[in-house]
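Chemist: Chains as they are written, first to last, in this note's numbering: chain A, 43 to 190; chain B, 25 to 153. Glycine included, every Cβ here is placed at the ideal spot set by N, Cα and C. Just so it is clear, the structure is predicted and the values come from calculations on it, not from any experiment.
Written out as structure tokens, the structure is:
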């Protein structure tokens with residue numbers, strides 16, 4: 043078997059494998075085994091606009107890329123101009139910043155709802171140095187060992 | 025080898041289209057949660073203008089870019105976006121994020137609506153008297 047034939051066979055095996063894998067994923071998504079219900083929701087269950095626009099631009103750029111690969115003569119990977127990278131950067135950056143603000147707000151609300159309890163000061167064995175340079179302990183000294 | 029490359033390209037394109045169609049269908053039929061997509065979660069208003077403008081800008085920009093892609097068929101290069109459009113898109117996202125930041129810091133700065141202030145009011149700690 044020549045190297046070209048071997049490459050072709052491996053290529054077909056990979057193509058079929060990717061096709062079957064993609065079909066299985068799509069079937070599971072369609073049947074609801076892969077749950078997309080909260081694909082654009084935040085941790086509180088509300089739909090998030092930043093996630094939604096990120097999803098839109100991911101699909102748009104991916105589809106554009108494949109469309110240009112398909113229609114190119116000869117087919118080749120298209121060049122990506124800086125403007126598109128900036129577009130994706132704005133979209134992704136907006137999502138990240140929005141998530142940061144949301145998390146910060148959630149932490150603040152949780153702290154407001156659950157104020158820290160006032161506890162008695164913890165007694166430790168850390169020595170405290172007094173005014174005269176004497177070392178004092180917060181704990182009472184242990185009982186002396188019994189004298190034989 | 026040509027057949028193999030063509031099959032692989034169409035296969036991946038088909039997967040993307042079917043996935044996008046499933047997501048779009050589920051959003052339209054509300055099987056994907058879209059509750060509160062345009063709602064202001066901090067200020068007590070029902071619809072947030074900042075969110076509406078960002079949604080419109082995102083959908084408009086996506087549609088415009090797809091149109092540019094269909095026009096540049098066979099050029100072997102993703103079409104460039106005019107800088108003005110990119111700046112407008114960035115400004116739209118900036119407005120949305122500033123609105124969100126305002127919602128975050130409005131209560132500590134004393135600028136929030138009474139409803140929002142009530143939500144952030146800390147609970148009284150229980151005391152054993």
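Using Cβ-Cβ distances below 7 Å, what residues of the segment 133 to 145 of chain A are close to chain B?
Modeler: Taking 7 Å as the Cβ-Cβ cut-off against chain B, the residues of the segment 133 to 145 of chain A that qualify are 136, 139, 140, 143.
Chemist: How many angstroms separate the CA atom of residue 55/B from the CA atom of residue 48/B?
Modeler: Whole-angstrom Cα-Cα distance: 10 Å.
Chemist: So residue 92/A and residue 140/A are supposed to be a Cβ contact under 8 Å. How far apart are they, rounded?
Modeler: Yes, residue 92/A and residue 140/A are in contact; Cβ-Cβ is about 4 Å, under 8 Å.
Chemist: With residue 141/A as the anchor, note down where its alpha helix (DSSP H) starts and where it stops.
Modeler: Residue 141/A -> alpha helix (DSSP H) spans 124 to 155.
Chemist: Could you work out which residues of chain A lie near residue 46/B, taking near to mean beta carbons separated by less than 7 Å?
Modeler: By Cβ distance, chain A contributes 71, 72.
Chemist: To be precise: take each residue of the segment 74 to 88 of chain B, compare its Cβ to all Cβ atoms of chain A, and keep it if any distance is under 8 Å. Which residues remain?
Modeler: Within the segment 74 to 88 of chain B, the qualifying residues are 75, 78, 79, 82, 83, 85, 86.
Chemist: Across which residues does DSSP place residue 121/A in a beta bridge pair?
Modeler: The partner list for residue 121/A (beta bridge, DSSP) reads 101/B.
Chemist: For residue 85/B, count neighbouring Cβ atoms within 10 angstroms of its own Cβ and tell me buried if that reaches 16, exposed if not.
Modeler: With 16 or more other Cβ atoms within 10 Å, it is buried.
Chemist: Quick check on residue 96/A: buried or exposed, where buried means 16 or more other Cβ atoms within 10 Å of its Cβ?
Modeler: Residue 96/A is buried by the Cβ-count criterion.
Chemist: Quick one: grab the DSSP three-state call for residue 83/A.
Modeler: Strand.
Chemist: Less than 7 Å between CB atoms is the rule here; does residue 95/B satisfy it with respect to chain A?
Modeler: So no, residue 95/B is outside the interface.
Chemist: Find out if the Cβ-Cβ distance for the pair residue 126/A, residue 114/B is shorter than 7 Å.
Modeler: No, these two residues do not count as a Cβ contact at 7 Å.
Chemist: Should the segment 74 to 81 of chain A be regarded as contacting the segment 29 to 45 of chain B, the criterion being three or more beta carbon pairs within less than 8 Å?
Modeler: Cβ pair count under 8 Å is below three, so no.
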